[in-house]
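Scroll down for the structure; my scribbles are underneath it.
Numbering (the UniProt record's numbering), first residue to last: 1 to 333.
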């Protein structure tokens, strides 16, 4: 038994000695492998860095690609926070932000889509009014149903100037809309679609608005709607930005002088390519941009977010807006 133990112990010692040799060789191979692996990883890292450097492009090249491949403007805007991105005449424009102008404090992360509309929430409560703008295009409106559908405010077209004839006309549904909206408890303002080509014509439009407001009390501003006519040769299409701005200011000042609050409605292209925005920023701004998340850094009162909304009591599509001014939570429906 003792000899057997010695044989076993000897065998064990031999095996242990062999294991140490093998382990030593294994450790050596392992260290060699780790060294080779480290070198491989360093090589891969260098290649990745080189590839990233090769795939990185400068801003101007990025803009060229965006123009060439007609990149979606809403998507493109996400890459820039120091410029306003929009299209004008097929060209992508990068409008620098004017730091001298008053900015809004809206947190666009607080937007919430609900039932086909967009809501704005702060501290657990709605912090913006639901607004529509309507004209004779919407036909007869059931304002009681509109109010019941959560609409707080409405801008009603009072009138317009023909883009071809230049004739000033009253909207066919103006009186019905303003009287029935107020009766339903909807706060109202008005807008006028302008095609004025001179300061004198703008003042004429303002005077027309004032005459037709006699007997009515407004809750909201009087908006000046200035747009390019895309389906024809609009008489105001050829105005320079300075001329159009002069026209806009003439209308707004006459409205302001009569005791009403003026507001200017336009989209991004109109504000920055066809108007001198720094001169317009003194007035309330009604901004149209049909993005899920808009980009407009300046002070604004109303954001028009859809031209194809649905509201109970109105047949067919209607413009939907949010109002961010004078919107205390206790005033909201």
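Each residue gets a CB set at the ideal place from its N, CA and C atoms; glycine is no exception.
Since the model is a prediction, treat every value here as computed from it, not as a measurement.
C-beta atoms of residue i and residue j nearer than 7 Å
| i | j | result |
| --- | --- | --- |
| residue 251 | residue 224 | yes |
| residue 95 | residue 106 | no |
| residue 177 | residue 156 | yes |
| residue 147 | residue 297 | no |
| residue 286 | residue 268 | no |
| residue 222 | residue 190 | yes |
| residue 321 | residue 131 | yes |
| residue 171 | residue 198 | no |
| residue 168 | residue 161 | yes |
| residue 254 | residue 206 | yes |
Residue i, buried or exposed, once every other Cβ within 10 Å from all chains shown has been counted against 16
| i | result |
| --- | --- |
| residue 33 | Its pLDDT being 45, under 50, residue 33 is placed unreliably by the model, and the measurement read from it follows with that caveat. So residue 33 counts as exposed. |
| residue 264 | buried |
| residue 313 | buried |
| residue 308 | exposed |
| residue 124 | exposed |
| residue 239 | buried |
| residue 165 | exposed |
| residue 41 | Interpretation of residue 41 is limited by its pLDDT of 48, a score under 50 that renders its predicted location unreliable; no figure is taken from the coordinates. |
| residue 65 | exposed |
| residue 318 | buried |
| residue 186 | buried |
| residue 227 | buried |
Local conformation of residue i per DSSP, three classes
| i | result |
| --- | --- |
| residue 69 | coil |
| residue 257 | helix |
| residue 272 | helix |
| residue 332 | Confidence is the limiting factor: at residue 332 the pLDDT is only 41, short of 50, which leaves the residue's position unreliable, though a coordinate-based value still follows. Residue 332: coil per DSSP, three-state reduction. |
| residue 146 | helix |
Strand pairing of residue i, partner residues [DSSP]
| i | result |
| --- | --- |
| residue 114 | 117 |
| residue 87 | 92 |
| residue 304 | 288 and 321 |
| residue 103 | 298 |
| residue 222 | 190 and 262 |
| residue 170 | 159 |
Of the listed residues the options, nearest to residue i (C-alpha basis)
| i | options | result |
| --- | --- | --- |
| residue 129 | 138, 149, 239 and 315 | 149 |
| residue 306 | 241, 117 and 60 | 117 |
| residue 115 | 226, 260, 248 and 310 | 310 |
| residue 248 | 291, 202, 237 and 214 | 202 |
| residue 208 | 112, 294 and 158 | 158 |
| residue 288 | 86, 58 and 141 | 86 |
| residue 237 | 153, 274 and 262 | 274 |
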